[in-house]
Amino acid sequence: MSCTNLQHKAERASFSPLPSTTNESMSDTKSLITRNIWESFVKVEITLDIPHMVHETYYGTLHRNSYLPLQFSKLYEYFKYCLDETHLSNFDQWWIEHDLIPLKWHLPIGLIYDICLPQRTGTWHLSLRVDKFPADSIIPYQNLEHGTEIWTKAVENIWLNQIKESCFVQCGSAKPIMSLSKEDSTAFWEAVTAHNLDGYKAIEKKITPSLSNIRNIPLKLYIQQANDVIDIEEDIEVIQAPVSPFQSSGASQTMFSALASVIPELFPRHDPPRYTFAVPSIHAAIIPEDAILAELYSVGSYLDGFLHILIEGEKTIDRREEGGEIN
11 MSCTNLQHKA ERASFSPLPS TTNESMSDTK SLITRNIWES FVKVEITLDI PHMVHETYYG
71 TLHRNSYLPL QFSKLYEYFK YCLDETHLSN FDQWWIEHDL IPLKWHLPIG LIYDICLPQR
131 TGTWHLSLRV DKFPADSIIP YQNLEHGTEI WTKAVENIWL NQIKESCFVQ CGSAKPIMSL
191 SKEDSTAFWE AVTAHNLDGY KAIEKKITPS LSNIRNIPLK LYIQQANDVI DIEEDIEVIQ
251 APVSPFQSSG ASQTMFSALA SVIPELFPRH DPPRYTFAVP SIHAAIIPED AILAELYSVG
311 SYLDGFLHIL IEGEKTIDRR EEGGEIN
């Protein structure tokens, strides 16, 4: 099954299988899928939680393929009239919490949402805290900038390291991204902050090799260890697993064959391939066994150049079957 059969079940970006009989129509289909993923979002209620103060709440949406600190400037403008002078200056103390668990801001928003809310339903209720930063649980912001710029700079540093790493996995070297001109490097990051798909893709294609030249596909697997998971550090095992786009037989690597090679205890081989103990999802979409990995990567990689795959076990599958289709 090709990426044209990917059934996206995120709250906004949903689409049906589209036929593709020519290279041109296949390209159009991939572009549509990529844009649907790029434009998908989650609904949030973010409450400013400060002791002995009236709790104000922001109602809005967050793009799935973005990062929490990139939203802080918007939250600052909304909440600044509720903050005292101390809170208005301690920007390195801002963080987001869900059900008393600090959220890891360096991960994509959509991935965190899928882990926190396995049913992918309803509004995400979050708390914004502006003091007592939990540096033992989440990465502190590096104090390289003053004021609200500290949030953007922190994400830029993390993103740049990750995109270099994904480039290395694909090419065997980070030279393609390190060789970008200053103008292209600036445009690349600005496309991330502005959530500009066309601008992002214009630079991404300069550092991404063709399928025939790619060495490995950058994957990160998040294996759920419990039924109701919200704490990534405690309940999720993370495996970084570069995988060749081709199997040893020369056939295209599929979602199932890749997972069977990396975590065979969860994905024992069957003929025909079928999920037994767990299922993978990307951008809230459950991925068919025969989906071609390279095609999934071309439409579903995140801003950092990795394909982040959530692996959910039997209990989660059973709960989904009882609760019906994910919205």
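The opening position of the sequence shown corresponds to residue 11 in the working numbering, with each subsequent residue numbered one higher.
Positions of the beta carbon are idealized from the N, C-alpha and C atoms, including for glycine.
Computed from a predicted structure; not experimentally measured.
Cβ shell of R139 (< 7 Å), same chain only, five flanking positions each side left out: D59, W105 and E107
Beta-bridge partners of S262, as assigned by DSSP: F256
Classification of T39 by the beta-carbon crowding that lies within 10 angstroms, buried from 16 upward: buried
3 or more residues per run - each beta strand (DSSP E) lying fully within the region 36-96: 51-58 and 67-73
Per-residue DSSP class, three states only, for I302: strand
Cβ neighbours of A197 in the same chain (closer than 8 Å, five flanking residues each side left out): G209, A212 and I213
Buried or exposed by the 16-neighbour rule on C-beta atoms within 10 Å, applied to Y69: exposed
Same chain, Cβ closer than 6 Å to D124, neighbours up to 5 away in sequence not counted: A294 and L320
Contact set for W199: own chain, Cβ-Cβ below 7 Å, skip 5 residues either direction: E166
CA nearest to the CA of A261, picked from D300, L231 and V272: D300
Contiguous beta strand (DSSP E) assignments of at least 3 residues, all confined to the region 100-161: 105-108 and 134-139
Cβ-based burial, V287 [other Cβ within 10 Å; buried from 16]: According to the sequence provided, residue 287 is Phe. The question's Val does not apply to it. By the 10 Å Cβ count, F287 comes out exposed.
Under the three-state DSSP convention, the category E98 falls into: In the sequence as displayed, the identity of residue 98 is Leu instead of Glu. L98: helix per DSSP, three-state reduction.
Test item: CB-CB of S1 and G315 under 8 Å: Residue numbering for the chain in the displayed model covers 11 to 337; residue 1 lies beyond these limits and cannot be assessed.
C-alpha gap between I111 and W169, whole angstroms: 23 Å
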